[in-house]
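Participant: Please read through the structure below; I'll follow up with questions.
Number of protein chains: 2
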Amino acid sequence: MNIRDIAKKVGVSSATVSRVINQSGYVKDETKQKVLAAIEEADFVPNAIARSLSIRDSSSIGVIVPDIANEFFSSIISGMGELAANKQYNIVLFDTGEMQEREHQYLQMAEGQRLSGLIITPVSELDRVTLDKLIQFENKGIPVVLVDRNIKNSSLDGVFVENDAAAYKGVEALIHAGHRKIAIITGPNTSMPGKDRLKGYKAALSDYKIELKEEYIVSGDFKIIKAYERTKELLQLPDPPTAIFASNNQTSLGVLKYLTEQRLKIGRDISIVGFDQIESLKIIDYRLSTIERDAKRQGYEAMAMLIDKLSNKESKSSGRKIFVPYQVVLRGSELTK
Amino acid sequence: MNIRDIAKKVGVSSATVSRVINQSGYVKDETKQKVLAAIEEADFVPNAIARSLSIRDSSSIGVIVPDIANEFFSSIISGMGELAANKQYNIVLFDTGEMQEREHQYLQMAEGQRLSGLIITPVSELDRVTLDKLIQFENKGIPVVLVDRNIKNSSLDGVFVENDAAAYKGVEALIHAGHRKIAIITGPNTSMPGKDRLKGYKAALSDYKIELKEEYIVSGDFKIIKAYERTKELLQLPDPPTAIFASNNQTSLGVLKYLTEQRLKIGRDISIVGFDQIESLKIIDYRLSTIERDAKRQGYEAMAMLIDKLSNKESKSSGRKIFVPYQVVLRGSELTK
DNA sequence: TATGCATATGTAACCGGTTACATAAAGGAG
DNA sequence: CTCCTTTATGTAACCGGTTACATATGCATA
Numbered sequence: 286m287n288i289r290d291i292a293k294k295v296g297v298s299s300a301t302v303s304r305v306i307n308q309s310g311y312v313k314d315e316t317k318q319k320v321l322a323a324i325e326e327a328d329f330v331p332n333a334i335a336r337s338l339s340i341r342d343s344s345s346i347g348v349i350v351p352d353i354a355n356e357f358f359s360s361i362i363s364g365m366g367e368l369a370a371n372k373q374y375n376i377v378l379f380d381t382g383e384m385q386e387r388e389h390q391y392l393q394m395a396e397g398q399r400l401s402g403l404i405i406t407p408v409s410e411l412d413r414v415t416l417d418k419l420i421q422f423e424n425k426g427i428p429v430v431l432v433d434r435n436i437k438n439s440s441l442d443g444v445f446v447e448n449d450a451a452a453y454k455g456v457e458a459l460i461h462a463g464h465r466k467i468a469i470i471t472g473p474n475t476s477m478p479g480k481d482r483l484k485g486y487k488a489a490l491s492d493y494k495i496e497l498k499e500e501y502i503v504s505g506d507f508k509i510i511k512a513y514e515r516t517k518e519l520l521q522l523p524d525p526p527t528a529i530f531a532s533n534n535q536t537s538l539g540v541l542k543y544l545t546e547q548r549l550k551i552g553r554d555i556s557i558v559g560f561d562q563i564e565s566l567k568i569i570d571y572r573l574s575t576i577e578r579d580a581k582r583q584g585y586e587a588m589a590m591l592i593d594k595l596s597n598k599e600s601k602s603s604g605r606k607i608f609v610p611y612q613v614v615l616r617g618s619e620l621t622k
Numbered sequence: 286m287n288i289r290d291i292a293k294k295v296g297v298s299s300a301t302v303s304r305v306i307n308q309s310g311y312v313k314d315e316t317k318q319k320v321l322a323a324i325e326e327a328d329f330v331p332n333a334i335a336r337s338l339s340i341r342d343s344s345s346i347g348v349i350v351p352d353i354a355n356e357f358f359s360s361i362i363s364g365m366g367e368l369a370a371n372k373q374y375n376i377v378l379f380d381t382g383e384m385q386e387r388e389h390q391y392l393q394m395a396e397g398q399r400l401s402g403l404i405i406t407p408v409s410e411l412d413r414v415t416l417d418k419l420i421q422f423e424n425k426g427i428p429v430v431l432v433d434r435n436i437k438n439s440s441l442d443g444v445f446v447e448n449d450a451a452a453y454k455g456v457e458a459l460i461h462a463g464h465r466k467i468a469i470i471t472g473p474n475t476s477m478p479g480k481d482r483l484k485g486y487k488a489a490l491s492d493y494k495i496e497l498k499e500e501y502i503v504s505g506d507f508k509i510i511k512a513y514e515r516t517k518e519l520l521q522l523p524d525p526p527t528a529i530f531a532s533n534n535q536t537s538l539g540v541l542k543y544l545t546e547q548r549l550k551i552g553r554d555i556s557i558v559g560f561d562q563i564e565s566l567k568i569i570d571y572r573l574s575t576i577e578r579d580a581k582r583q584g585y586e587a588m589a590m591l592i593d594k595l596s597n598k599e600s601k602s603s604g605r606k607i608f609v610p611y612q613v614v615l616r617g618s619e620l621t622k
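Line by line, the protein sequences are chains A and B. Going by the working numbering, the letters in the first sequence line up with residues 286 to 622, in that order. Going by the working numbering, the letters in the second sequence line up with residues 286 to 622, in that order.
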């Protein structure tokens, strides 16, 4: 069943049927009604793939994230969903699991799909392959929007948060609480937010004349397991830190996992400030101090930006950046007794 | 740039290029190398849409869930992702937000997309429109797999958990802990798991000769807000319950939100058992007793089932059901002092 | 009455792949 | 040497839409 079949039924040409379906061009109202009736009767749904091929646009938006199981990213996607649906876009989802090869593989697939646009949280800020592909996309007229993670030396548009300033404030809160031995579990050293948060950490210590100690700066990967191990190592140092800054929500969880196992209480035995909230902990009033932002909104903004680029076809990326607001919410875990 | 351009470059026909790309039919090795070289040089990526149109299959799998921001569903999707990627399927994601109209809208879109298959957690077990569409899909050779929520009187395949038995065990734990005044905040009364969990609740009370009290059975909608309000109402009853069974993870969170605000401690002032774990609470050893299962695995199984149906083309749904194992994990919140 | 524009519809090429069918050369069997 | 099979490649129709262009009619304006 295709538009030609419908056309035959009604006794018109396929062009007319197409016009009716798309509400384009001129169609006599009488004809229109007949066509609509035939479509209704045949329970006909036009083939979106044929349409895509013809108009060279899939009405699909690719979304590439590093970990949907992370509530931050699932919230981001949730924020994108509504807007996309309103504008009749499909979301094609890819989860890289923080793996670069998989990201490349997906970008390759995406290229074949002739997506209308792409929103991506790249694994690394340094990945030439990814960057080249993204620039290629833009050159072909497929707009790209970065979300949460920027790429070094790129002028791609995106929606971010001011990581360095936010981390600075978080660390500052620890300092104000009297800490001098403050450790950080970083993100991967190839991730822009990871690096910027580290930058904020260093700046805060430096501004407050606190000496940087190499052994207090330990590398994480934004995942629970590694953060757990790093915490263990930190606390087994001859001169352990009294406070830990966790570079993202999973890192916080890893820290908490270890502390919990050791029956160490945050805000008493040890202090912690984490980047990004953890919703269920807020609900039970678990006193974890975090740097918060509205992830859903960030997703929404990213989708809005993409759709804007989609409608103003000429608008290539020009390093346009939107920063979503953040807030340091102190709940007591920054203190020690 | 298309395969004909490549063909021209090499001096062969487009059919040969197609054969090289798909590794189908006969191609002399020498020719193959030349074609591959030309593809490489031109940085050519074949148009997947044209391919889809031609072979009448999009290599995309639609996934319709009621709420990605819920960690249960984001885990489900996470479990699907890997398998789908291995098999070169794209995931087209739809989030209905528990709204039936939106589900219908998506199913309509999905129909036009000529998806290879569909995995859905339907909003309601009673929705004729959805069921009809799903059956239509199967009749057209587009296999459907239900995940987590079954549909009444349907013989669609799916991956579920034994909701009634699991809820029974959860409530039984409360009874064993000495409770007689046990309330339940149900799911929507149009959701199969919601109803089955209620069934399990009733069966447990009945088996232990505990009278059902209407005012202890309050209707929720699997969302935090309503559960919060219901909890408030329950605890303001003249004769309030001493224990609450929460029908899903969001419901548990709603209950906890109210209890926390009122400074009521679970496992002491009031007892609670919830359906579905909440990962971050486990990490901090928050003593919430829950009925647990591996959501990621459930997603994986659903995708595996779909892919199986995809390869055995003849296999229409026949009410095949996979049940993932569950476990009642008691952490103390089922007790009262 | 002639001219021009808005309305209405059809024809056919095109989007970029796949593949049935045709053709032909090479190698092996008898 | 003939016949059959395997290998190799090309031709062209097809998937199901969209749309530029052609054609035709009605009506208003000059």
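Using N, Cα and C, we set each Cβ at its ideal position, and we do this for glycine too. Quantities reported herein were computed from a predicted structural model and do not represent experimental measurements.
For Val-503(B), does the three-state DSSP call read helix, strand or coil?
Facilitator: Here residue 503(B) corresponds to residue number 218 of the second sequence, with the count starting at 1. Reduced to three states, the DSSP call for Val-503(B) is strand.
Participant: Tyr-611(B) by DSSP, collapsed to three states: which one?
Facilitator: In the second sequence, residue 611(B) corresponds to position 326, counting from 1. It is a strand residue.
Participant: Which whole-angstrom value is the C-beta distance of Asn-332(B) and Arg-399(A), which I expect to be below 8 Å?
Facilitator: In the second sequence, residue 332(B) corresponds to position 47, counting from 1. In the first sequence, residue 399(A) corresponds to position 114, counting from 1. About 6 Å; that satisfies the 8 Å criterion.
Participant: From what residue to what residue does the alpha helix (DSSP H) around Asp-380(A) run?
Facilitator: Mapped onto the first sequence, residue 380(A) falls at position 95. Careful: Asp-380(A) lies outside any alpha helix (DSSP H), inside the beta strand (DSSP E) at 375 to 380.
Participant: Could you spell out where the beta strand (DSSP E) holding Phe-346(A) opens and where it closes?
Facilitator: Locating residue 346(A) in the first sequence gives position 61, counting from the first residue. Correcting the residue type first, residue 346(A) is Ile in the shown sequence and not Phe. Note, Ile-346(A): beta strand (DSSP E), 345 to 350.
Participant: Going straight from the alpha carbon of Gln-535(B) to that of Ile-353(B), what length do you get?
Facilitator: Numbered from its first residue, the second sequence carries residue 535(B) at position 250. Numbered from its first residue, the second sequence carries residue 353(B) at position 68. Cα-Cα distance, rounded: 12 Å.
Participant: Could I get the ranges of all uninterrupted alpha helix (DSSP H) runs contained in the stretch 383 to 426 of chain B, with 4 residues as the minimum, in chain order?
Facilitator: DSSP runs (the alpha helix (DSSP H)) wholly in the stretch 383 to 426 of chain B: 385 to 398 and 413 to 424.
Participant: Which residue wins for smallest C-alpha separation from Asp-442(B), given the options Gly-310(B), Thr-621(B) and Phe-608(B)?
Facilitator: In the second sequence, residue 442(B) corresponds to position 157, counting from 1. With distances taken between Cα atoms, Asp-442(B) lies closest to Phe-608(B).
Participant: Output the distance between the C-alpha atoms of Val-540(B) and Leu-403(A), rounded to the nearest integer angstrom.
Facilitator: Taking the first residue of the second sequence as position 1, residue 540(B) is located at position 255. Taking the first residue of the first sequence as position 1, residue 403(A) is located at position 118. Going from the Cα of Val-540(B) to the Cα of Leu-403(A) covers about 39 Å.
Participant: Under 7 Å between C-beta atoms, does Val-330(A) make it to chain B?
Facilitator: As a working mapping, residue 330(A) is identified with position 45 in the first sequence. Yes, Val-330(A) counts as interfacial toward chain B.
Participant: 7 Å is my cut-off, CB to CB: does Gly-402(A) come that close to chain B?
Facilitator: The residue given as residue 402(A) occupies position 117 in the first sequence. Judged by the 7 Å Cβ criterion, Gly-402(A) is not in contact with chain B.
Participant: Tell me the DSSP secondary structure of Thr-316(B) in three-state form.
Facilitator: Taking the second sequence and counting its residues from 1, one reaches residue 316(B) at position 31. Note: Thr-316(B) maps to helix in three-state DSSP.
Participant: Take the Cβ of Ile-467(A) as the centre, count every other Cβ of all protein chains shown within 10 Å, and call the residue buried at 16 or more, exposed below.
Facilitator: Position 182 of the first sequence, counting from 1, holds the residue named residue 467(A). Answer is buried; the Cβ neighbour count reaches 16.
Participant: Using the three-state DSSP reduction, which class does Ser-339(B) fall into: helix, strand or coil?
Facilitator: Here residue 339(B) refers to the residue found at position 54 when the second sequence is read from its first residue. Looking at Ser-339(B) - three-state DSSP - the assignment turns out to be helix.
Participant: Suppose you measure from the CA of Gly-426(B) to the CA of Arg-336(B); what does that come to, to the nearest Å?
Facilitator: By one-based count along the second sequence, residue 426(B) stands at place 141. By one-based count along the second sequence, residue 336(B) stands at place 51. Rounded to the nearest angstrom, the two C-alpha atoms are 19 Å apart.
Participant: Can you name, in chain order, every residue of its own chain whose Cβ lies under 8 Å from the Cβ of Arg-582(A), other than the five neighbours on each side?
Facilitator: Counting from 1 along the first sequence, the entry for residue 582(A) is found at position 297. Excluding residues within five positions, the ones whose Cβ falls inside 8 Å are Gly-364 and Val-609.
Participant: Tell me whether the beta-carbon of Gln-547(A) lies closer than 7 Å to the beta-carbon of Glu-577(A).
Facilitator: Sequence index remark: in the first sequence, residue 547(A) carries index 262 (1-based). Sequence index remark: in the first sequence, residue 577(A) carries index 292 (1-based). No Cβ-Cβ contact shorter than 7 Å links Gln-547(A) with Glu-577(A).
Participant: Can you list, in chain order, the residues of the stretch 362 to 374 of chain A whose Cβ is nearer than 8 Å to any Cβ on chain B?
Facilitator: Ile-362, Ser-363, Gly-366, Glu-367, Ala-370 and Gln-373
Participant: Do Ser-440(B) and Leu-416(B) have their C-beta atoms within less than 7 Å of each other?
Facilitator: Counting from one through the second sequence, the residue named residue 440(B) turns up at place 155. Counting from one through the second sequence, the residue named residue 416(B) turns up at place 131. In this structure, Leu-416(B) does not lie closer than 7 Å to Ser-440(B) by Cβ.
Participant: Report buried or exposed for Gly-310(A), applying the criterion of at least 16 other Cβ atoms within 10 angstroms of its Cβ.
Facilitator: Looking up residue 310(A) in the first sequence gives position 25. Exposed, because fewer than 16 other Cβ atoms sit within 10 Å of the Cβ of Gly-310(A).
Participant: Within its chain, find whatever has a CB closer than 6 Å to the CB of Ile-555(A); leave out the 5 residues flanking it on each side and keep chain order.
Facilitator: Within the first sequence, the letter at position 270 stands for residue 555(A). The answer, listed in chain order, is Leu-549.
Participant: Using only CA atoms, which one of Lys-372(B), Val-408(B) and Gly-347(B) lies nearest to Glu-386(B)?
Facilitator: The sequence position of residue 386(B) within the second sequence is 101, counting from 1. Residue Val-408(B) is the option with its Cα nearest to Glu-386(B).
Participant: Just the chain A side, please: which residues come within less than 8 Å of Tyr-571(B) by C-beta, in chain order?
Facilitator: Counted from its first residue, the second sequence places residue 571(B) at position 286. Here the neighbours are Ile-569 and Tyr-571.
Participant: Less than 7 Å between CB atoms is the rule here; does Asp-380(B) satisfy it with respect to chain A?
Facilitator: Here residue 380(B) is taken as the residue at index 95 of the second sequence, counted from 1. Closer than 7 Å: yes.
Participant: When you compare each of Ile-592(A), Tyr-571(A) and Asn-371(A) to Val-614(A) by their alpha carbons, which one comes out closest?
Facilitator: Counted from its first residue, the first sequence places residue 614(A) at position 329. That would be Tyr-571(A), whose Cα lies nearest to the Cα of Val-614(A).
Participant: On the DSSP bridge list, what partners appear for Ile-557(B)?
Facilitator: One-based indexing of the second sequence puts residue 557(B) at position 272. As DSSP reads the structure, Ile-557(B) sits in a beta bridge with Ile-529(B).
Participant: Within the present structure, is the beta-carbon of Val-348(B) separated from the nearest heavy atom of the ligand SAM by less than 6 Å?
Facilitator: By its list of ligands, the structure shown contains no ligand whatsoever, and the ligand SAM lies outside what it can speak to.
Participant: Does the separation of the CB atoms of Asp-380(A) and Gly-485(B) fall below 7 Å?
Facilitator: Counting from 1 along the first sequence, the entry for residue 380(A) is found at position 95. Counting from 1 along the second sequence, the entry for residue 485(B) is found at position 200. Not in contact: Asp-380(A) and Gly-485(B) (Cβ atoms no closer than 7 Å).
Participant: Since Arg-582(B) meets chain A, which of its residues come closer than 9 Å, beta carbon to beta carbon?
Facilitator: Taking the second sequence and counting its residues from 1, the one referred to as residue 582(B) is at position 297. Correct list: empty, because the minimum Cβ distance to chain A is about 13 Å.
Participant: Considering Thr-536(A), what are the terminal residues of the alpha helix (DSSP H) in which it resides?
Facilitator: Locating residue 536(A) in the first sequence gives position 251, where the first residue counts as 1. First-last of the alpha helix (DSSP H) with Thr-536(A): 534 to 546.
Participant: Determine which residues of the stretch 531 to 553 of chain A have a Cβ less than 7 Å from any Cβ of chain B, and write them out in chain order.
Facilitator: Leu-538, Leu-541, Lys-542 and Thr-545
Participant: For the stretch 433 to 512 of chain A, list the beta strand (DSSP E) runs that are entirely contained and at least 3 residues long, ordered along the chain.
Facilitator: 443 to 445 and 467 to 470
Participant: From Thr-527(A), Ala-489(A) and Thr-475(A), pick the residue whose C-alpha is nearest to that of Gly-505(A); which is it?
Facilitator: As a position in the first sequence, residue 505(A) is number 220, starting the count at 1. Ranking Thr-527(A), Ala-489(A) and Thr-475(A) by Cα distance to Gly-505(A) puts Thr-475(A) first.
Participant: Chain B beta carbons: is any one of them nearer than 7 Å to that of Ala-322(A)?
Facilitator: As a working note, residue 322(A) is residue 37 in the first sequence. Cβ-Cβ to chain B under 7 Å: no for Ala-322(A).
Participant: Verify the CB distance criterion: does Val-302(B) have a CB-CB separation below 7 Å to chain A?
Facilitator: Within the second sequence, numbered from 1, the residue matching residue 302(B) stands at position 17. Cβ-Cβ to chain A under 7 Å: no for Val-302(B).
Participant: I'd like the span of the alpha helix (DSSP H) that includes Thr-301(B), first residue to last.
Facilitator: As a first step, residue 301(B) must be located in the second sequence, where it is residue number 16. Segment 299 to 307, the alpha helix (DSSP H) holding Thr-301(B).
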